[in-house]
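Working notes, structure below.
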Amino acid sequence: MIDINVTEPPFALLDDAGRERIRAGLDLAYYARDEVILEAGQAGEFVFVIHKGEVAELDMNESSTGGRIGHYTSGDLFGAISVINGQSRYRFVAEQETLCYLMPRALFLSLCEQSEDFSDYFHQRLVSKTRLLAERRSDGGVTLAGFMLAKVHECMRPPLLVDPSISIRQAVLTLKEKGADSLLVDTAEGPGMLTKTDLLDALVMQERGGGDALEGIAGLALVSVTRDQYLFEALIEMTRHKVARVVVYHEGALEGVVELTDVLSYFSSRSYVVSLQVEQADSLAELNEASQRTPELIDALMAQGIRMRFAMGMLSALNGRIIGKAWQFSMPAPQRDRVCLVVLGSEGRGEQILKTDQDNALILPDDLEWPDLAADSRRFTEVLMDLGYPRCPGNIMVSNPQWTGTLEQWRGRIRRWVAEPDGNSLMSLAILVDVAGVAGDMALVDRLRDVLIEETRGNALLLTHLARAVLRFSTPLTLFGSLKKPAHGIDIKKGGIFPIVHGVRTMALDAGLRETSTHDRLSALARLGRLDAEVAEDLGEALSLFSELRLKAQLRCQRDDLLASDNVVVQSLNSLERDLLREALHLVKEFKGSLSHRYHLEYA
Amino acid sequence: MSVEASPQGKLTWRQWFRLGEYPMLRAIRRAADRRRQADGDFAWLFNPYTGDELVSIDCETTGLDTRRAELVSIAAVRIHDGRVLTSESLDLRLEPPASLDGDSIKIHRLRGVDLEGGMPVRDALETLLEFIGNRPLVGWCIDFDLAMLDRYLKAEFGFSLPNATIDVAQQYRKRMRRSHPELELQPTFEQLAERLGVPIMGRHTALGDAVTTALMHLRLDADALAESSR
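Same order as they appear, the protein sequences are chains A and B.
Going by my numbering, the first residue of the first sequence is number 1, and it counts up by one from there.
Going by my numbering, the first residue of the second sequence is number 1001, and it counts up by one from there.
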């Protein structure tokens, strides 16, 4: 009789007996349009599950925005918090004729008592709920358990540490004996990586003898991870640094090595194939081929239940490599290695999903001669377009002389933007704060960041101007109001992603942080005590959720050959996703509130 | 069992009479029943109802002829304060009747084996009376269900149901006649449910039909309220 979907959380968290009690214990009620279902302040007598119809949640203390803070539709549950707290904080009104199942208070509380999982669901923070979503998405979670949850130490080899005084012959014997591909050489400056390739190189190219000591052969530039990081992060590091192995540290001490081949035995996805393809590309045409495959890779990663932030990390590492290689292929030496090609905005933060417009710039050293710079940089923009990165509509590209320059030229621009903080200046500044180098002399990008921090430090007025943009787009919760044309959905980018990214960016600039990704900035802000650790974690999770929903919408547009859109159609989400979205939007709203308090936006 | 009205729309006088819908006759019969039951166990059923609850009922039978068909199952669900109390509903299966045959099984999908362990008729009727009390009854083409129940009640206890009744099919016809007098409306159960936006909850089970009927009634009632407040 009771036609309720018990396969979704929270009901899926109950055992069979609990679900049977639900089926037997629900009543039905019909609400006419505009009827108040639950009044603010009213005692919570029921938990409501919508069978059909739409319900709005209104905050009666906030008449300015219409007070709309939530929207519920078929399959959604509301009123649980009212039952737990004793009374409802908000008013619930039927937007359409609505048929609800009513779970009496006593039944709900007794189910909560019986099942900890069920009870937790209503008390949990966003972080734990999104985990539920990821688990469900991966269908039983085989790949999820196998890879996503795998930590570095599960796939780690013990380090083969040898003394630098041993001979090449001994090193080769050790490798053979242990069946390994690499050794760690214990040098004074720390462990150095020695691979079979290095040994071959020494013997053949440098014409060393088998009896020579290892000293001077091993490379020092070690990429390291900690033993408790996700294996996936190790893979991202390898892609980013073009290495096939990383060293594992635990509390400062060397603990092991992770080899790419070992990671692959854990993770047989196309991600490696694509990154391999990028690495092996010898021409722009080959690079293009690899570049075309990145969307399918992201699709596959998502389907396997890889968390959004790791998928974004993977994609940004790949894009960085593609753009970097394109730079190598198309620009003349030695100039190409002396300048620094940087990416800005979402690419700089490593947060783009699918291919975004090219936002890039060039930092030149003071003493460089590059007569054809103008022509070459225009050509580079064309090259990137051929690789599938559309032109930046704001013309923030190396082909624009305004976005190339020496450090002193950059300093001049930043000063001008700071002195005249109009809309354009603030936007340029915001984009530049997310700068990250992809090719050439990486030291330049660090110096640019120094300049940026020097020129903006302690400028409270600038921060206020910068922060104000967070309030530019109306509170996202009212976006649920456009239900008359439900197919249009809500703009998740303006409503959810932008306020978090920009707010966090402003706070990062305020704190003089060098991190560029929003997640890293959030961790850093929490570490510095500028943001409550829980809030930081929740905001990160909300951002991941928004990005994921946006990605899904974009992938769908791509499949159906529609124009790309940032709109998420709320009605097409399942009830768990809607529940999470609601909560995430609430978080954004609170974050905006705290920003406007911190940067005095109420008065500005 | 819900009877769909005949294709011509109106029931013949003979049918009206048989269904007991001839109002004067019903009133007379009720008065006589009440006198007879004055000292019986069920005297309280004849008191006027003062509460604000309704009960939606539905029966499944072995056929459409109220003189010969036999009861298979009876369901009832209370309506209180705009809510359908499905959590306290009544769903009774009776002992398999002699006339249970292929045709009726096709309609309600209850086979002989499904009714094994069913209640004796007398117990079922007593449970039903206890559940509905003297509350007004709601049903889809309720006259059919009343005729069936009355035949059984008469045989077992010597009286017919005295409760006031609301026929949802008629309730809808009346409403539409007011707003669209030109239309001659005889929607089926499914059509009306769809028109009112009420989901059909397990069609051709007694409880499912009783719940759907209750929802249709609430829906029609809410509409009436909206109209009068305009």
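For glycine and all other residues, C-beta sits at the position ideal for the given N, C-alpha and C.
Can you give me the C-alpha to C-alpha distance between L513(A) and K176(A), rounded to a whole angstrom? The residue labelled residue 513(A) in the question sits at position 513 within the first sequence. The residue labelled residue 176(A) in the question sits at position 176 within the first sequence. One C-alpha to the other measures close to 46 angstroms.
Any beta carbon of chain B sitting closer than 7 angstroms to that of G18(A)? Your numbering for residue 18(A) matches position 18 in the first sequence. Chain B contact via Cβ: absent.
Does T143(A) come within less than 7 angstroms of chain B when only Cβ atoms are used? Numbered from 1 along the first sequence, position 143 holds the residue referred to as residue 143(A). Because the pLDDT at T143(A) is just 41, under 50, the model does not fix this residue reliably, and the value given afterwards should be weighed accordingly. By this cut-off, T143(A) is not an interface position.
Looking only at its own chain, which residues have a Cβ that is under 8 angstroms from the Cβ of V634(A), when we skip the five neighbours before and after it? Chain A is shown only over 1 to 604; residue 634(A) falls outside these bounds and no answer can be derived.
Under 7 angstroms, Cβ to Cβ, is there at least one residue of chain A near S1087(B)? Here residue 1087(B) corresponds to residue number 87 of the second sequence, with the count starting at 1. At least one chain A Cβ lies under 7 angstroms of S1087(B).
Exposure label - L368(A); buried when at least 16 CB within 10 Å: The residue given as residue 368(A) occupies position 368 in the first sequence. By the 10 Å Cβ count, L368(A) comes out exposed.
Under three-state DSSP, which class holds L1207(B)? To locate residue 1207(B), count along the second sequence from 1; it is residue 207. Correct three-state label for L1207(B): helix.
Residues of chain A with a CB under 7 angstroms from the CB of R1083(B): which are they? Counted from its first residue, the second sequence places residue 1083(B) at position 83. Simply D27, L28, A29, L102.
Restricting to Cα atoms, I'd like to know which of D198(A), T456(A), L341(A), S544(A) is closest to G405(A). Counting from one through the first sequence, the residue named residue 405(A) turns up at place 405. It is L341(A) whose Cα lies nearest to the Cα of G405(A).
Is it the case that the Cβ atoms of L13(A) and Y121(A) are separated by a distance below 7 angstroms? Numbered from 1 along the first sequence, position 13 holds the residue referred to as residue 13(A). Numbered from 1 along the first sequence, position 121 holds the residue referred to as residue 121(A). For L13(A) and Y121(A), yes; Cβs fall inside 7 angstroms.
Quick one: give me the first and last residue of the alpha helix (DSSP H) that P499(A) is part of. Translated into positions along the first sequence, residue 499(A) becomes position 499. Its alpha helix (DSSP H) spans residues 498 to 511.
7 angstroms Cβ cutoff, A1075(B) in contact with chain A: Reading the second sequence from its first residue, position 75 is the one you call residue 1075(B). Judged by the 7 angstroms Cβ criterion, A1075(B) is not in contact with chain A.
Among P334(A), D376(A), R157(A), N459(A), which has the Cα closest to the Cα of D262(A)? Taking the first residue of the first sequence as 1, we reach residue 262(A) at position 262. With distances taken between Cα atoms, D262(A) lies closest to R157(A).
Look up N360(A) in the DSSP assignment and give the residues it is bridged to. As a position in the first sequence, residue 360(A) is number 360, starting the count at 1. According to DSSP, N360(A) bridges with V343(A).
Same chain only: Cβ atoms within 7 angstroms of Q87(A), ignoring 5 sequence neighbours per side: The sequence position of residue 87(A) within the first sequence is 87, counting from 1. Here the set comprises G41, Q42, A43, G44.
Closer than 9 angstroms by beta-carbon distance: list the chain A residues that pair up with L1090(B), in chain order. Mapped onto the second sequence, residue 1090(B) falls at position 90. Ordered by position in chain A, no residue passes the 9 angstroms Cβ test against L1090(B), which lies about 12 angstroms from the chain.
Per DSSP, what are the beta-bridge partners of D1091(B) in this structure? In the second sequence, the residue the question calls residue 1091(B) occupies position 91. BP columns for D1091(B) point to A1075(B).
List, in order along the chain, the chain B residues whose C-beta lies closer than 7 angstroms to that of E97(A)? Here residue 97(A) corresponds to residue number 97 of the first sequence, with the count starting at 1. Ordered by position in chain B, the residues that pass the 7 angstroms Cβ test against E97(A) are G1197.
At which residues does the beta strand (DSSP E) containing A94(A) begin and terminate? For the purposes of this step, residue 94(A) is taken as residue 94 along the first sequence, with counting starting at 1. Segment 91 to 94, the beta strand (DSSP E) holding A94(A).
Name, going along the chain, the residues of the region 41 to 66 of chain A whose beta-carbon falls closer than 8 angstroms to a beta-carbon of chain B. H51, K52
As a quick exercise: from R1093(B), I1132(B), G1040(B), A1032(B), pick the residue whose alpha carbon is nearest that of R1078(B). On the second sequence, position 78 is the one that residue 1078(B) refers to. That would be I1132(B), whose Cα lies nearest to the Cα of R1078(B).
Suppose you measure from the CA of L461(A) to the CA of L601(A); what does that come to, to the nearest Å? Here residue 461(A) corresponds to residue number 461 of the first sequence, with the count starting at 1. Here residue 601(A) corresponds to residue number 601 of the first sequence, with the count starting at 1. Approximately 11 angstroms between the Cα atoms of the pair.
I need the DSSP call for M385(A), collapsed to helix, strand or coil. Locating residue 385(A) in the first sequence gives position 385, counting from the first residue. The answer is helix: DSSP assigns M385(A) an H, G or I state.
Using 7 angstroms as the limit for Cβ to Cβ distance, is R1035(B) near chain A? Working through the second sequence from its first residue, we reach residue 1035(B) at position 35. No, R1035(B) lies away from the interface with chain A (no Cβ there is under 7 angstroms from its Cβ).
Rounded C-beta distance between T356(A) and A436(A)? I'm assuming under 8 angstroms. Here residue 356(A) is taken as the residue at index 356 of the first sequence, counted from 1. Here residue 436(A) is taken as the residue at index 436 of the first sequence, counted from 1. With 8 angstroms as the limit, T356(A) and A436(A) do not qualify as a contact, their Cβ atoms being about 14 angstroms apart.
Measure the beta-carbon distance from E95(A) to A32(A) and round it to whole angstroms, keeping in mind my assumption that it falls under 8 angstroms. Your numbering for residue 95(A) matches position 95 in the first sequence. Your numbering for residue 32(A) matches position 32 in the first sequence. That belief does not hold up - the Cβ atoms of E95(A) and A32(A) are roughly 11 angstroms apart, past 8 angstroms.
DSSP three-state assignment for M193(A), whether helix, strand or coil: Position 193 of the first sequence, counting from 1, holds the residue named residue 193(A). Strand, per DSSP.
Under 7 angstroms from the C-beta of R1219(B): neighbouring residues of chain A: Start at 1 with the first residue of the second sequence, and residue 1219(B) comes out as number 219. Correct list: Y30.
Look at the Cβ atom of R413(A), then the Cβ atom of S399(A), and state whether they are nearer than 7 angstroms. The residue given as residue 413(A) occupies position 413 in the first sequence. The residue given as residue 399(A) occupies position 399 in the first sequence. It is not a contact, given that the beta carbons lie outside the stated cut-off.
As assigned by DSSP and simplified to three states, the class of S1056(B): For the purposes of this step, residue 1056(B) is taken as the residue at position 56 of the second sequence. Strand.
Who are the near neighbours of D1209(B) in its chain, counting only those whose CB is closer than 7 angstroms to its CB and skipping five residues on each side? Your numbering for residue 1209(B) matches position 209 in the second sequence. These residues qualify, in order along the chain: S1002, D1058, W1140, R1203.
Under DSSP, the beta strand (DSSP E) around T957(B) begins and ends at which residues? Lying outside 1001 to 1230, the shown extent of chain B, residue 957(B) is not represented and no answer is given.
Classify K485(A) as helix, strand or coil using the three-state DSSP reduction. Within the first sequence, the letter at position 485 stands for residue 485(A). In this predicted model, K485(A) has a pLDDT of only 46, less than 50, meaning its place in the structure is not dependable enough to derive any value.
Return the chain-ordered list of same chain residues with a C-beta closer than 7 angstroms to the C-beta of N574(A), the five sequence neighbours on each side being excluded. Along the first sequence, one-based indexing puts residue 574(A) at 574. Hits under 7 angstroms: E8.
Going along chain A, which residues have a C-beta under 9 angstroms from L1192(B)? Start at 1 with the first residue of the second sequence, and residue 1192(B) comes out as number 192. Residues of chain A passing the Cβ test: none, with the nearest at roughly 14 angstroms.
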